[in-house]
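Here is the structure we will look at, set down as structure tokens.
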Amino acid sequence: MTGAIETALRARRSDGGKCLVPYLTGGLGDDWLETVMAVADAGADAIEIGVPFSDPVMDGPTIQAANDRSLEAGTTPQRILDALRDADIGVPMAVMTYANVAYRMGWERFMNELRASGVSGCILPDIPLEEADEWTQAADDAVVETVMFAAPTSPDERLPRIAERAGGFVYAVGLLGITGVRADLAASALEIAGRVKAITEKPVLVGVGVGTPAQAVEVSAVADGAVVGSAIVQRMLDGAGPEGVAELVHDFRVALDA
Amino acid sequence: MTMTDPTATGRFGDFGGMYVPETLIPACIELDKAFREAWTDPTFRSELDHLLTTYAGRPSPLTECANLSEELGCRILLKREDLNHTGSHKINNVLGQALLAKRMGKTRLVAETGAGQHGVATATAAALFDMECVVYMGTVDIERQKLNVFRMKLLGSEVVAAESGSQTLKDAVNEAMRYWVSAVQDTHYCLGSVMGPHPYPWMVREFHRVIGDEAREQCQALLGGAPDVVVACVGGGSNAAGIFAGFADTDAVLVGAEPAGGAAVGRAVPGIVHGSKSYLMQDEWGQVLEAESISAGLDYPGIGPEHAHLAASGRARYEPVSDAEVVEAFQLLSRTEGIIPALESAHAIAWIAKAKDEFQGKSVLINLSGRGDKDVNQMMDILQ
Ligand SMILES: Cc1ncc(COP(=O)(O)O)c(C=O)c1O
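Those protein sequence lines, which keep their order, are chains U and F. Residue 1379 is where the first sequence ends in this note's numbering, and the numbering goes up by one at each step. Residue 751 is where the second sequence ends in this note's numbering, and the numbering goes up by one at each step.
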């Protein structure tokens, strides 16, 4: 069965468009939920909500700072999910967090809570295929899409298995490294996008190292679209507010539609 | 029971595994394969043995402590890892990993360090093997272990401050992992304890089992068999894993001494961080808590997965000791035996000093994991 995220991304693609999935840190600032709504209105196809974790090993300084600030403000996974449950966002959402946040609550309970909060997908960067069984079982039971990662270092033989297990989209990691804005798009971004596109029909989005509208356009020549995290979170950290953040998302949308 | 190899995916019972980003999985698989090959290759083994003998100073002696034995009422034996080159057990693992990294064609080592002992050992091996070396160390630890920072630089390593989170060992691990994600193709992550993703917990234990294997022979010669008790301090648990490995199949009581402020097993809540599932200090939402200990080397909120398994299966017990008891033990060993222990190792002494009534007349083997030179400044401040 195809979930809400994959359905939305496939629809964008079959209209000849490119997909835009912004990442926002949950609980960052009092107006984070309004920001999520504004970003949905500004042209996001789906939205990743980051649930902060104390030790985010895949994240660079920007998202680390956002995590810390959100945690200091008393954010818990439950508070984020409760807020989402009562809101009408208008585009499908995935929660991105780390294994221990879900494991601590219990795989089943966490997946059920996502579902009950209207969250369609789940992204756990520290759960590779080797450790995915418990999580994916619980996610399948709760009808939650399991986004899986393909990395520049993944050998060819892993890619079909990753794509097979992925729900929502395949997250192609654009470079060897952690989240953060870089001056230029890495050559590895186009390369991994091409390798994954070659073996799956599922939407393939590149994230990590896509920080400007121009970079999103560049990588979307091969990929079905991009995940944009640090650039957007930096705006949130700078206090740009819902409109300021939405403006940036709008710029990405316009560039991708051009 | 023995300390066996983990499953192919690195499980010790319910614990262990490979919880790292996809980017690192190929590197972990490559390392697993390389270690398996090297460990069964007589050439690698003899090269490592040669280094351990001629460079690190092994075998380390077993010292019988007449004065302390009399004071405590049990027969105290010390396995003298403090006499190794660089002053602790850490060199055993580092020489093994550096030799392996070289064999794998890696040109750079990255490491995390708390007290600085593992950082110094890694910097030492990097100098010996002519490799580049980057060591991450929490800002707080850089401040409290200045001498070791200077040593690492002297040895040609770059020391980078881990400024995120609690700015101690756990954050240094995060930063080292982030660095590894960015440089995985030419860099080996030289992890300093029996933690992290498979194959590290197993590989690091194997590199340290020389402690237990030697001690087993030395005890055989001295006692005619295994001691009644084997005790070691536990941060991530590498020195404990090394000495336990030599005695897990005997009747010896195995004890891990945890700092009370960092007692991951004592709290017995399973969690996933830094690549494996194990016991972990965390809040009700899974946020990792900061450990608090007088010794920087034990300031870690988790424990290696095999220890979680040894605890869950009942083969080993893990006991908390307080900072105050450690300060007492540090002075006790110095005064009675003329041996100044590392604050980490003093946890093991502190446990037997506290539990002595339970073990009157018994033989107790203590892993003296390191010497206390690095800690005398801190102790001077505390005691004066
Ligand atoms: C002397 C000494 N003992 C013990 C430890 C703790 O490590 P582990 O628990 O891995 O033996 C350290 C760590 O820095 C150390 O320096």
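For every residue, glycine included, the Cβ atom is placed at its ideal position computed from N, Cα and C.
query	result
Using a threshold of 7 Å, state whether the C-beta atoms of serine 701 of chain F and proline 672 of chain F are closer than that.	no
Using a Cβ-Cβ cut-off of 6 Å (strictly less than) and excluding sequence neighbours within five positions of aspartate 449 of chain F, which residues of its own chain qualify?	Leu735, Gly737 and Arg738
If you run the structure through DSSP and keep just helix, strand and coil, what is glycine 463 of chain F?	helix
Whose Cβ in chain U lies nearer than 9 Å to the Cβ of serine 591 of chain F?	Checking the sequence shown, residue 591 of chain F turns out to be glycine, not serine. None at all; the shortest Cβ gap to chain U is about 46 Å.
Are there 16 or more other CB atoms within 10 angstroms of the CB of glycine 1330 of chain U, so buried, or fewer, so exposed?	buried
Write down every uninterrupted run of the beta strand (DSSP E) in the segment 462–502 of chain F whose length is 3 residues or greater and which is fully enclosed by it, in chain order.	475–480
Give the DSSP bridge partners of alanine 1376 of chain U, in chain order.	None, per the DSSP bridge assignment.
Closer than 7 Å by C-beta to arginine 1286 of chain U: which residues in its own chain qualify, once you throw out the five before and the five after it? Chain order, please.	Leu1250, Ala1253, Thr1257, Thr1267 and Met1269
Applying the criterion that 16 or more other CB atoms from any shown protein chain within 10 Å of the CB defines a buried residue, is lysine 513 of chain F buried or exposed?	exposed
Give the C-beta separation of valine 1178 of chain U and methionine 1232 of chain U to the nearest angstrom, bearing in mind that I take them to be a contact with Cβ-Cβ under 8 Å.	With 8 Å as the limit, valine 1178 of chain U and methionine 1232 of chain U do not qualify as a contact, their Cβ atoms being about 22 Å apart.
Specify the secondary structure class of lysine 520 of chain F as computed by DSSP and reduced to three states.	helix
Taking C-beta pairs closer than 7 Å, name the residues in chain F that arginine 1225 of chain U reaches, listed in chain order.	Gly638, Gln649, Trp652 and Gly653
Under 9 Å Cβ-Cβ, which residues of chain F neighbour threonine 1274 of chain U?	Glu389, Thr390, Leu391, Ile392, Pro393, Ala394, Val551 and Gln552
Would you kindly report the start and end of the unbroken alpha helix (DSSP H) that includes serine 413 of chain F?	409–421
Closer than 8 Å by beta-carbon distance: list the chain U residues that pair up with valine 548 of chain F, in chain order.	Val1178, Met1179, Leu1297, Gly1298 and Ile1299
By alpha-carbon positions, which one of F/Leu732, F/Leu656, F/Asp616 and F/Thr617 ends up nearest to arginine 634 of chain F?	F/Leu656
Does at least one heavy atom of ligand 1 sit under 6 Å from the Cβ of glycine 739 of chain F?	no
Whole alpha helix (DSSP H) runs in the segment 1263–1332 of chain U with 4 or more residues, listed along the chain?	1280–1286 and 1308–1318
Are any of the Cβ atoms in chain F nearer than 7 Å to that of alanine 1220 of chain U?	yes
So which of F/Ile716, F/Glu479, F/Arg682 and F/Pro426 has the shortest CA-CA distance to cysteine 557 of chain F?	F/Glu479
Classify isoleucine 443 of chain F as helix, strand or coil using the three-state DSSP reduction.	strand
What is the DSSP secondary structure of alanine 528 of chain F, reduced to helix, strand or coil?	strand
Spatial neighbours of alanine 1367 of chain U within its chain, please: CB distance less than 6 Å, with the 5 preceding and 5 following residues excluded, ordered by chain position.	Ala1159, Val1160 and Ala1163
Could you please give me the residues that DSSP links to arginine 738 of chain F through a beta bridge?	F/Pro708
Please check the pair aspartate 381 of chain F and histidine 565 of chain F, which I expect to be a contact at CB under 8 Å, by giving their CB distance rounded to whole angstroms.	With a Cβ gap of about 14 Å, aspartate 381 of chain F and histidine 565 of chain F do not count as contacting.
List the residues of chain U that arginine 545 of chain F touches, going by C-beta distances under 9 Å, in chain order.	Val1178, Met1179, Asp1180, Gly1181, Gly1298 and Ile1299
Which bits of chain F does glutamine 1185 of chain U rub up against, with CB to CB less than 7 Å?	Ser531
For valine 1142 of chain U, write down the residues that DSSP places opposite it in a beta bridge.	U/Val1348
Which of the three DSSP states, helix, strand or coil, is assigned to glycine 383 of chain F?	strand
Just to confirm the assignment, what range does the beta strand (DSSP E) spanning threonine 1342 of chain U have?	Just to set this straight, residue 1342 of chain U is alanine in the shown sequence, not threonine. From DSSP, alanine 1342 of chain U is part of no beta strand (DSSP E); its letter is neither H nor E.
So, are the CB atoms of isoleucine 719 of chain F and aspartate 690 of chain F less than 7 Å apart?	no
I'd like the list of long-range same chain contacts for glutamate 1339 of chain U, defined as Cβ closer than 6 Å, with 5 residues on each side in sequence excluded.	Leu1306
Checking the sheet assignment: what are the DSSP bridge partners for threonine 430 of chain F?	F/Leu445
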